[in-house]
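S.K.:
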DNA sequence: GGGCCCTCTTGGC
DNA sequence: TTCCAGCCAAGAGGGCCC
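In UniProt numbering, the protein residues as written are 1 to 690.
(1) Could you round the C-beta distance between residue 87 and residue 312 to whole angstroms and report it? I think they count as a contact, below 8 Å.
(2) Does DSSP put residue 113 in a helix, a strand or coil?
(3) Just grab the DSSP bridge partners of residue 221 for me.
(4) Measuring alpha carbon to alpha carbon, tell me which of 132, 212, 138, 107 ends up nearest residue 115.
(5) Pull up the distance between the alpha-carbon of residue 500 and that of residue 164, whole angstroms please.
(6) Grouping DSSP H, G and I as helix and E and B as strand, with all else coil, what is residue 425?
(7) According to DSSP, residue 205 sits in a beta bridge with which residue or residues?
(8) Quick check on DSSP: helix, strand or coil for residue 339?
(9) In three-state DSSP terms, what is residue 136?
(10) When the Cβ atoms of the segment 65-83 are set against those of the segment 291-302, are three or more pairs found closer than 8 Å?
(11) Going along the chain, which residues of its own chain have a beta-carbon closer than 6 Å to the beta-carbon of residue 259, five neighbours each way excluded?
(12) When DSSP builds the beta bridges, which residues end up paired with residue 431?
(13) Might you give, ordered along the chain, the residues of its own chain that have their beta carbon closer than 7 Å to the beta carbon of residue 423, omitting 5 neighbours on each side?
(14) Using the rule of at least 16 other Cβ atoms within 10 Å of the residue's Cβ for burial, across every protein chain shown, is residue 639 buried or exposed?
(15) Quick one: is residue 679 buried, meaning 16 or more other Cβ sit within 10 Å of its Cβ, or exposed?
(16) Would you report the Cα separation of residue 359 and residue 383, rounded to the nearest angstrom?
(17) For residue 321, which residues of its own chain have a beta-carbon under 6 Å away from its beta-carbon, when the five flanking residues on both sides are left out?
(18) Strictly by DSSP, which residues pair up with residue 400?
(19) Run through DSSP, which three-state label would residue 239 get?
(20) Nearest-angstrom Cα distance between residue 43 and residue 60?
(21) Here's a check: name, in chain order, each residue in its chain whose Cβ is nearer than 6 Å to the Cβ of residue 568, leaving out the five neighbours to either side.
(22) Since residue 270 sits in a beta bridge, which residues does DSSP pair it with?
(23) Is the segment 104-123 touching the segment 345-354 in the sense that three or more CB pairs, one from each, lie closer than 8 Å?
(24) Apart from the five residues just before and just after residue 658, which ones in its own chain have a Cβ nearer than 6 Å to its Cβ?
(25) Using DSSP bridges, identify the partner residues of residue 276.
(26) Closest by CA to residue 84, which one among 314, 371, 394, 439?
(27) Touching or not, the segment 102-116 and the segment 240-249, by the rule of three or more beta carbon pairs under 8 Å?
(28) Who does residue 130 pair with in a DSSP beta bridge?
(29) Leaving out five residues before and five after residue 200 in sequence, what residues of the same chain have Cβ atoms less than 6 Å from its Cβ?
(30) So, residue 224 versus residue 204, is the Cβ gap smaller than 9 Å?
(31) Going by DSSP, what residue range makes up the alpha helix (DSSP H) through residue 261?
(32) Please report how far the alpha carbon of residue 195 lies from the alpha carbon of residue 177, in whole angstroms.
(33) Roughly how many angstroms separate the alpha carbons of residue 197 and residue 248, rounded to a whole number?
(34) From which residue to which residue does the beta strand (DSSP E) around residue 197 run?
(35) Buried or exposed for residue 325, going by 16 or more other Cβ atoms inside 10 Å?
(36) Please go through the same chain and pick out, in chain order, the residues whose beta-carbon is closer than 8 Å to the beta-carbon of residue 137, but skip the five residues on each side of it.
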């Protein structure tokens, strides 16, 4: 409470002191920065903005959280505390039993990596304050700029205010990846199984190399750093310790171009940890630091052990275990297996807008990007999450779990549109899409036999279960370097096998005309744009497919009656539902109206007769469609309307297609039992001939 | 009550 | 002049369903 009083006591005179956004954890090279001046400038430049208001909201939330915890703490009785102390003591003994001092870990961190690479490529930048990034956000600042308080993740316009002579250099990931690759070639010589944490950081188990070459850990680190400098011209810092958590802390101690070795000795570890500020530990950020400090007065790792009963009493067992491990200086010492990716996403910030059409356009782009990224990595997922950031910086996420795995932009867009529609109207400044809940096979191997969408089929294979990828050598990636995607922060430690499929990344698409049809990517987008209205009307892609192969009698694309409002559409659909297939007299109830297309309304109801068939009843749907088509043909013949040739032609065309499908299928799969092949598959196969 | 799903928060880089 | 990112993972808590 005293701490809080002192803060609030200065609030009125120096309000920026309580604005924690600007300056929460000094980076290397910022020790001599006039912290108060930086805080004041950042505060003044941010004040009144929507961003600032949101930060204040978050601050208030954090304070509330701290207050709640204080209340909970005050409710703990002596008996409770005694109980939790016993639990904590037991847990400490158990955790201590897991201590492993047999390995020596080295953490390498390149010094101001992006900025250093840029300076290397343009020596005129040397000695001048420089930041990589732009006016909206900077990625890295060199040490000259850091002296002014400029740092990563700071908006450029604020950085410029702090350092008026600041030079901005745009990011060039290609360049950074190249230099990152060079460093990794060096890392491999010391630990072939090194863990890349990002483009500029890595963990190496140097136990073996030290033993084999009878070198001390410090010598190994020295040699490795020299080698990095020789190969790249860049400097790095290193930390050596018995585990990765400590090694990371150590690499920061003598930055830049320095190293620190913590001996593999329990006493040395405990001494080191005793005065280590909790914020230096990976996993403890701004919020956790405040909670521990304000509620329990824990500022050093040692404090975690001193307040162990409270931690066990007020946090979940998982969180309490983490805190106790920190207090004991424990960390991971094993070399983990490459973990599989859990999700894939993309998001874009833009000028805040309420324009529905513009927002849908953004969604189309995101769906396209996500689909392409998924195909590149051979992933199919089931849970789609839409992320929105409103103009007031409020972040919303909305998710939906689909019945089948997918990676197709059509599927993604279809479901994302529904999620977005439910959130509108809203003023949005960021939109993102994430796919998670991948099929276990990864690499696009569907575990769901019902997976039938166009793009999925292309990736996953045909109905026989044979992967298309089987036809080409599977590209196994031993080196995780090449797996990095073009962002600074992607987790390159993950190793993926990828199949060399769809190298051209063409997307097949169904053209809205009688003829068959395969469009390339550039056309896809245009068509998706055209169909935004349809998506909003809950007309799904099954309809598109149905219309493509069995187009509307007038030959035009007709997903819905163009002049129908959603309300009207619903109404007419209901009307149709009242009419049985054979009731066909009168315009309203007739399934024979040549101007009316067959649609699966809301993905289950026939627009002509109201019959209900779930989306996965593909064969039944096809038969149902055939019925209507034959019905229409019969009517045209009997009425003498001169449309017969057209319809007959279409039937003939379809018959021809189906026979081709059969032949192709037979050719590809030795034993084809299916008399019907899903339309998605057909197009996937047909497309192979284009 | 357990499992699953969704939402939100936190944290790292 | 310019006005606060984009990616990933993990944990917690609440709602719903069987």
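A virtual CB, placed ideally from N, CA and C, is assigned to each residue, including glycine.
M.R.: Taking the definition as stated:
(1) Here residue 87 refers to the residue found at position 87 of the first chain. Here residue 312 refers to the residue found at position 312 of the first chain. At roughly 5 Å, the Cβ-Cβ gap stays under 8 Å, so residue 87 and residue 312 are in contact.
(2) For the purposes of this step, residue 113 is taken as residue 113 along the first chain, with counting starting at 1. Helix, per DSSP.
(3) Residue mapping note: residue 221 aligns to position 221 of the first chain, counting from 1. Paired residue(s): none; residue 221 is not in a bridge.
(4) As a position in the first chain, residue 115 is number 115, starting the count at 1. Comparing Cα positions, the closest option is 132.
(5) Along the first chain, one-based indexing puts residue 500 at 500. Along the first chain, one-based indexing puts residue 164 at 164. Low local confidence applies: a pLDDT of 23 at residue 500 is under 50, so the model's placement there is unreliable, with the coordinate-based value given in what follows. Whole-angstrom Cα-Cα distance: 49 Å.
(6) Taking the first residue of the first chain as position 1, residue 425 is located at position 425. Coil.
(7) Residue mapping note: residue 205 aligns to position 205 of the first chain, counting from 1. Answer by DSSP bridge pairing, in chain order: 105.
(8) Within the first chain, residue 339 is the residue found at index 339, counting from 1. Residue 339: coil per DSSP, three-state reduction.
(9) Start at 1 with the first residue of the first chain, and residue 136 comes out as number 136. Looking at residue 136 - three-state DSSP - the assignment turns out to be coil, as it is neither helix nor strand.
(10) Result yes; three or more Cβ-Cβ pairs closer than 8 Å.
(11) Residue mapping note: residue 259 aligns to position 259 of the first chain, counting from 1. Same-chain partners within the cutoff: 221, 238.
(12) As a first step, residue 431 must be located in the first chain, where it is residue number 431. According to DSSP, residue 431 bridges with 348, 388.
(13) Taking the first chain and counting its residues from 1, the one referred to as residue 423 is at position 423. Excluding positions up to five away in sequence, the list reads 388, 396, 398.
(14) Working through the first chain from its first residue, we reach residue 639 at position 639. Summary for residue 639: the model assigns pLDDT 47, below 50, so the residue's position carries little reliability; its value from the coordinates is reported in the next sentence. Flag for residue 639 reads exposed.
(15) As a first step, residue 679 is located in the first chain; it is residue number 679 there, counting from the start. Summary for residue 679: the model assigns pLDDT 24, below 50, so the residue's position carries little reliability; its value from the coordinates is reported in the next sentence. The residue in question, residue 679, is buried, as its Cβ has 16 or more Cβ neighbours within 10 Å.
(16) Taking the first chain and counting its residues from 1, one reaches residue 359 at position 359. Taking the first chain and counting its residues from 1, one reaches residue 383 at position 383. Counting only the Cα atoms, residue 383 lies some 21 Å from residue 359.
(17) One-based indexing of the first chain puts residue 321 at position 321. Exclusion of the five residues before and after residue 321 leaves no residue of its chain whose Cβ lies closer than 6 Å to its Cβ.
(18) As a first step, residue 400 is located in the first chain; it is residue number 400 there, counting from the start. Residue 400 is bridged to 384.
(19) If you number the first chain from 1, residue 239 lands on position 239. Under the three-state reduction of DSSP, residue 239 is assigned to strand.
(20) Position 43 of the first chain, counting from 1, holds the residue named residue 43. Position 60 of the first chain, counting from 1, holds the residue named residue 60. Residue 60 has its alpha-carbon roughly 17 Å from the corresponding atom of residue 43.
(21) Sequence index remark: in the first chain, residue 568 carries index 568 (1-based). The predicted model places residue 568 with a pLDDT of 29, which falls under 50 and marks its position as unreliable; any figure quoted below should be read in that light. There are no such residues.
(22) Translated into positions along the first chain, residue 270 becomes position 270. Beta-bridge partners of residue 270 (DSSP): none assigned.
(23) They do not touch, by the three-pair rule.
(24) Within the first chain, the letter at position 658 stands for residue 658. Since pLDDT at residue 658 reaches only 32, below the 50 mark, its modelled position is unreliable, and no value is offered.
(25) Stepping through the first chain from its first residue, residue 276 is reached at position 276. Listed as beta-bridge partners of residue 276 by DSSP are no residues whatsoever.
(26) Position 84 of the first chain, counting from 1, holds the residue named residue 84. Relative to residue 84, the option among 314, 371, 394, 439 whose CA is nearest is 314.
(27) The segment 102-116 vs the segment 240-249: in contact.
(28) Within the first chain, residue 130 is the residue found at index 130, counting from 1. Under the DSSP definition of a beta bridge, residue 130 partners with 167.
(29) Within the first chain, the letter at position 200 stands for residue 200. Same-chain partners within the cutoff: 110, 113.
(30) Stepping through the first chain from its first residue, residue 224 is reached at position 224. Stepping through the first chain from its first residue, residue 204 is reached at position 204. With respect to the 9 Å criterion, residue 224 and residue 204 are classified as neighbours on the basis of their beta carbons.
(31) The count along the first chain starts at 1 and reaches residue 261 at position 261. According to the DSSP assignment, residue 261 belongs to no alpha helix (DSSP H) but to the beta strand (DSSP E) extending over 259-261.
(32) Mapped onto the first chain, residue 195 falls at position 195. Mapped onto the first chain, residue 177 falls at position 177. Roughly 16 Å between the two C-alpha positions.
(33) Against the first chain, residue 197 aligns to sequence position 197. Against the first chain, residue 248 aligns to sequence position 248. The straight-line gap from Cα to Cα measures roughly 11 Å.
(34) Start at 1 with the first residue of the first chain, and residue 197 comes out as number 197. Bounds of the beta strand (DSSP E) holding residue 197 are 195-198.
(35) Here residue 325 refers to the residue found at position 325 when the first chain is read from its first residue. Looking at its Cβ environment, which holds 16 or more other Cβ atoms inside 10 Å, residue 325 is buried.
(36) For this step, residue 137 is matched to residue 137 along the first chain. Hits under 8 Å: 153, 154, 155, 156.
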